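Chemist: Below you'll find the structure I mean.
Number of protein chains: 2
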Amino acid sequence: MFGRTYYCGEVTETAIGEKIVLKGWVQKRRDLGGLIFIDLRDRTGIVQIVFNPELSPEALALAEKIRNEYVLDIEGTVVARGEGTVNENLKTGKIEVHADNVTILNEAKTPPFIIDDKTDVSEDVRLKYRYLDLRRPVMAETFKMRHQVTKAIRNFLDDEGFIDVETPILTKSTPEGARDYLVPSRVHPGEFYALPQSPQIFKQLLMVGGMDRYYQIARCFRDEDLRADRQPEFTQIDIEMSFMSQEDIISLMENLMTKIMKDVKGLEVETPFRRMSYREAMARFGSDKPDTRFAMELTDLSEIVKGSSFKVFAGAISSGGQVKAINVKNGAGSYSRKDIDALTEFVSVYGAKGLAWLKAEEEGLKGPIAKFVTEEEQAGIKAALSVETGDLILFVADKKSVVADALGALRLKLGKELNLIDHSKFNFLWVTDWPLLEYDEEDGRYYAAHHPFTMPAREDLALLDSNPGEVKAQAYDLVLNGYELGGGSLRIFERDVQEKMFEVLGFTKEEAEEQFGFLLEAFDYGTPPHGGIALGLDRLVMLLTGRTNLRDTIAFPKTASASCVLTDAPGEVSSAQLNDLHLALNLKDQ
Amino acid sequence: MFGRTYYCGEVTETAIGEKIVLKGWVQKRRDLGGLIFIDLRDRTGIVQIVFNPELSPEALALAEKIRNEYVLDIEGTVVARGEGTVNENLKTGKIEVHADNVTILNEAKTPPFIIDDKTDVSEDVRLKYRYLDLRRPVMAETFKMRHQVTKAIRNFLDDEGFIDVETPILTKSTPEGARDYLVPSRVHPGEFYALPQSPQIFKQLLMVGGMDRYYQIARCFRDEDLRADRQPEFTQIDIEMSFMSQEDIISLMENLMTKIMKDVKGLEVETPFRRMSYREAMARFGSDKPDTRFAMELTDLSEIVKGSSFKVFAGAISSGGQVKAINVKNGAGSYSRKDIDALTEFVSVYGAKGLAWLKAEEEGLKGPIAKFVTEEEQAGIKAALSVETGDLILFVADKKSVVADALGALRLKLGKELNLIDHSKFNFLWVTDWPLLEYDEEDGRYYAAHHPFTMPAREDLALLDSNPGEVKAQAYDLVLNGYELGGGSLRIFERDVQEKMFEVLGFTKEEAEEQFGFLLEAFDYGTPPHGGIALGLDRLVMLLTGRTNLRDTIAFPKTASASCVLTDAPGEVSSAQLNDLHLALNLKDQ
């Protein structure tokens, strides 16, 4: 048995006449007029093998035993296909390989699903047999592209002088934000490590350590209830640098994304990327991560309808809220009363108490609320929303946050339903000028909008005492097609500012010292100004490969209940293991 | 304030006359005749800044406040140094920077130790202030080199068609080998994930999945009692490939190491690397990872002394043991009786009951046992060990494993003491033909010498039933200068062989099914022949940087008690966190 000379997908006309050796899996076997045809597959593609009684009766006899997914070693000669048999859809479609010799390297049972891009098998079955799922060409392509993405990132950052440094996975539990995964210590009874939610503190300490430019493609962990686009472990492109302004960092990241798009997708991306303040994004798109591939923007009609006899409008405005609307172009015919009832149901999830609507007909705006709308208001609405005959106008009147959430979500839903999104577009967008803090009504305290190490805008420092909610952060999020790719900020590098930040977040001096004393102390020894960014690799790969399921970008993902159905993790452990860790189960609430 | 135009260590004569901007830390300040000189440091090196009252009295005034480790922004002009003031030891020693302007970006307290390559501060203090320790040039260099090593590895493997795939960190506990770190599940009460000791099973499943060539620079975890060269988390260069022979893999790995040595050290390494069977390594060096940079090999004298009147020799041989010796060239004068007593003490740790010795004098071999050694035996010993006048011969007579361990360790100790090791050498060595299994007397069972997925030599398969201890593995370890860099093997890819292996390891059918059922099932669906290797990155970096402490190659390492003294991990967690995880502490044994 000889070594492979070609991958299956790479045998083309240039190899005609060559004796070659292939290794691969049987995609399909057909018997035809005394010949046997096999499509042999590896990660690069498929090539047709022909078994011919005149060439090798032994090989033909063996080929009769061969079933789908058998692993074969093939020795043969590359031959041009006859006129009528060329397959233009296949890179190898102009040739076939006439087999001199075949060795069955391993047999295969009939797989539980067909190895093909199109599959209707449930995701659970795909995950249980992930090793078969990965053989599907679309999956092989996804992981090749994931590799190309990380390669482009590394090459770019290497060239820019960044140093790849590994930070610990076994680290300390921090109280802010999502839940930590904990790891009991055997050596220190009753104590626990935590898996990092991000390398944030370590990368800042590397800056204190003079590393100057750091990156890591870092595994991070969050023990949160999972949504479709969350995983308990995920991968972050983690970057930090010293002595750089926000503009420097943004520009560097634009060059990085440009390089990725060029290397991986062969696309030229225009820079600088579009920018929008957080306030503008919320106002125009009802989202802090707007999908700018289509319009249908939110329009504020509060000024126009503030005197409306429609109580819902007037009431919302007089109690400090808003009336905003979107114009569904040509939507009047597409949405019946019943359809609009369903949309009303949809926005109620976001807290909207109703969804008012008007259809633009030749004779004017029609609909249940039309009778409350004066001529003047009609004119104002039509002008503000550029209404033409056939349009459907959808209104939400409520407090600001509900208006934004409800109309923002409705806009996205309608954009998809009405096919308004150009899926060939990659719309990068920076969202800037974030609030530093968010007030939580329930807990009666402020939380860091990004994290507690984000630098406040210099000019807002005084507001930290008087009006913390108004303080802007020196923070920037990178958005792609309505997804948050990630976010970054300049960091606090002065002890007094960091102490003030902890104070505003409700830490006592003692708590701050106990949790973050080592960081505060580090600030005493010559900490440089620094900042950085963290981008979600899984999500980036999902968007670049055009997938819609984050799990398709991860080789061995967890299900929504954080299980691995392939290996059956998590699982029970022995009582000896628990004793070693000084633990007992506490299942009384079950 | 402008952006940096140069790194400190990169300002040379070519910049003379330029206005430049630097950012860095104050290494040293000297006041001299009305001028102030500052050595400014960043990760690239040091440059001299001069503050001159004629150029900028304001800058000079500010410079007076500056202390060590302050963070500065300097604008100035590059000027050639005067004749007598050139510093040939410094890359920037021919120039200095005359400061027009200085901004103090941050102040610094006096650090607990001086930022200098030479330091006598304890490692605990260095680890507590790791961010200061990392500023020492030798540390910055180590992490730059670590980055260069991973870059060389990635470039090589990329070019060879390997795909970087991430495997899970939250995975399943496996019973064999070292202790797993466990992670309690919040969603699945009483169940645990385990942190992987290696991605072994996942990389094999990737081969089943047709990935063909996989690599990952992978974090791995072992909850073992730590020795100087072990860390609870460590990094592994993890490689797996399909359809390759042991020779193919060895040759590819030699090319990888050659590339690393060339890219990182600028050294040409000869291939093929030296090879040695496990049996030969144990016989000649008393080690399965021999340091071949010096000789002093173990010589078997059993045939020569089997009839000796010295009871210790004759007895060891008649009870199935050995008598072996090393020749310490010119050692007779260097080791007094008292010194040899200390060596005897040293070998006793390895189970040796004594250390016999003879010194070669003009008149013949002398020493306490000389009277038992016949003329003929003397001649035989001298010939076997090429003894010359002035040599010291050290004997151990015991069972084989004790002879190997004791003399192997003694050889290494004497090699270091006598400066026999050429530290400029990088001696790569393959150790092959390992036993598949090791019998544990205490447990009365066999354990896998590497891991349970290692392919037995085809010709030894039948021995698995009759004489498992004699079965050879298709396994290979890569050794560098007496350190095991890592090991690999061809893997079992047939279900029946894997089942047999589990049986030999004492698994019942049910246990094998419960632990590894998913892997056995995968073997049913067309598993290709495959194999790979895993190399320790931390250790490789340690050897390439000439460090002797593994912790110096890890940015934030753990101490011998698996603690991080910087962040104080592990630590206590709240009872709410424990309740969430369905756990209670069980400290009754404390």
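Protein sequence lines correspond, in order, to chains A and B.
In terms of my numbering, the first sequence has 415 at position 415, counting the first letter as 1, and numbering is strictly consecutive.
Start counting at 1 in the second sequence, then tack on 1000, and there's your number in my numbering.
For each residue, glycine too, the CB sits at the ideal point set by N, CA and C.
Here the structure is a predicted model, which is why all the values come from computation and not from measurement.
Would the region 1323 to 1343 of chain B count as touching the region 1386 to 1404 of chain B if we require 3 or more Cβ pairs under 8 Å?
Modeler: yes
Chemist: Since A:E510 meets chain B, which of its residues come closer than 8 Å, beta carbon to beta carbon?
Modeler: None at all; the shortest Cβ gap to chain B is about 15 Å.
Chemist: In angstroms, rounded to a whole number, what distance separates the CA positions of A:F310 and A:T374?
Modeler: 10 Å
Chemist: With a 10 Å radius around its C-beta and 16 neighbouring C-beta atoms as the bar for buried, classify A:F313 as buried or exposed.
Modeler: buried
Chemist: Mind pulling the alpha helix (DSSP H) runs of 4 or more residues that sit fully within the region 1075 to 1143 of chain B?
Modeler: Counting only runs of at least 4 residues, the region 1075 to 1143 of chain B fully encloses the following alpha helix (DSSP H) elements, listed from N- to C-terminal order: 1123 to 1128, 1130 to 1133.
Chemist: Answer yes or no: does any C-beta atom of chain B fall closer than 8 Å to that of A:C564?
Modeler: yes
Chemist: Does DSSP classify A:R293 as helix, strand or coil?
Modeler: Coil at A:R293, not helix or strand.
Chemist: Would you tell me roughly how many angstroms separate the C-alpha atoms of B:D1252 and A:D223, rounded to the nearest one?
Modeler: Contrary to the premise, residue 1252 of chain B reads as Leu rather than Asp in this sequence. Their Cα atoms are separated by approximately 40 Å.
Chemist: Give the straight-line distance between the Cα atoms of B:A1522 and B:A1584, rounded to the nearest whole angstrom.
Modeler: 38 Å
Chemist: May I have the straight-line CA-CA distance separating A:R146 from B:E1123, to the nearest angstrom?
Modeler: When rounded, the distance between both Cα atoms is 40 Å.
Chemist: Hey, out of A:K371, A:N52, A:E69, A:F37, whose CA is closest to B:P1528's CA?
Modeler: A:E69
Chemist: Measure from the C-beta of B:R1029 to each C-beta in chain A and report whether the shortest distance is under 8 Å.
Modeler: no
Chemist: So what's B:T1005 in DSSP terms, helix, strand or just coil?
Modeler: coil
Chemist: Name the DSSP beta bridge partners of A:P435, please?
Modeler: A:K472
Chemist: Using a 10 Å radius around the Cβ and a threshold of 16 neighbouring Cβ atoms, would you call A:I16 buried or exposed?
Modeler: exposed
Chemist: I'd like the span of the beta strand (DSSP E) that includes A:L60, first residue to last.
Modeler: Element bounds for A:L60: not the beta strand (DSSP E) but the alpha helix (DSSP H), 57 to 63.
Chemist: With the cut-off set at 8 Å, would you say A:T235 and B:E1166 are in Cβ contact?
Modeler: yes
Chemist: Excluding sequence positions up to five away, which residues of its chain have a Cβ less than 6 Å from the Cβ of B:A1356?
Modeler: I1369, F1395
Chemist: Rounded to whole angstroms, what's the CA-CA distance from A:F285 to A:L298? Just pull it up for me.
Modeler: Approximately 6 Å between the Cα atoms of the pair.
Chemist: Tell me the rounded alpha-carbon separation between B:L1505 and B:A1473.
Modeler: Straight through space, the alpha carbons of B:A1473 and B:L1505 are spaced by roughly 15 Å.
Chemist: Counting only the same chain and skipping the five closest in sequence on each side, list residues whose C-beta sits under 6 Å from that of A:L365.
Modeler: Excluding sequence neighbours, A:L365 sits near L358, Q378.
Chemist: Looking at B:I1115 and B:R1130, is the spacing between their C-beta atoms short of 8 Å?
Modeler: no
Chemist: How would you label B:N1467, buried or exposed, when you count the other beta carbons within 10 angstroms and need 16 or more for buried?
Modeler: exposed
Chemist: Using a Cβ-Cβ cutoff of less than 7 Å, which residues in the same chain neighbour B:T1005 once the five nearest sequence positions on both sides are dropped?
Modeler: I1020, V1021
Chemist: Is DSSP giving B:K1425 helix, strand or coil here?
Modeler: coil
Chemist: Using only the alpha-carbon positions, how far apart do B:V1102 and A:R213 sit?
Modeler: Rounded to the nearest whole angstrom, the C-alpha separation of B:V1102 and A:R213 is 23 Å.
Chemist: What are the partner residues of A:Q216, as DSSP defines its beta bridges?
Modeler: A:D238
Chemist: When the cut-off is 8 Å and only beta carbons count, does B:T1171 lie next to chain A?
Modeler: True, the Cβ-Cβ gap to chain A drops below 8 Å.
Chemist: Note down, in chain order, each residue of its chain lying with its Cβ closer than 8 Å to the Cβ of B:V1121, except the 5 sequence neighbours on either side.
Modeler: Cβ contact annotation for B:V1121 (same chain, cutoff 8 Å, sequence separation greater than five): P1112, F1113, in chain order.
Chemist: Quick check: is the beta carbon of B:G1571 nearer than 8 Å to any beta carbon in chain A?
Modeler: Chain A contact via Cβ: present.
Chemist: To the nearest angstrom, report how far apart A:V479 and A:T559 are at their CA atoms.
Modeler: Cα to Cα, the separation comes out at about 26 Å.
Chemist: Taking just the CA atoms, how far does B:Q1498 sit from B:Q1515?
Modeler: 13 Å
Chemist: Note down, in chain order, every chain A residue with its Cβ under 7 Å from the Cβ of B:Q1236.
Modeler: Within 7 Å Cβ-Cβ: nothing; B:Q1236 doesn't reach chain A, min ~12 Å.
Chemist: Please list the terminal residues of the continuous alpha helix (DSSP H) segment that includes A:S382.
Modeler: In the sequence as displayed, the identity of residue 382 of chain A is Lys instead of Ser. Per DSSP, A:K382 belongs to the alpha helix (DSSP H) from 375 to 385.
Chemist: Does the pairing of the region 1260 to 1278 of chain B with the region 1398 to 1406 of chain B give three or more beta-carbon distances under 8 Å?
Modeler: no
Chemist: Would the beta-carbon of B:A1218 fall within 8 Å of that of A:T171?
Modeler: no
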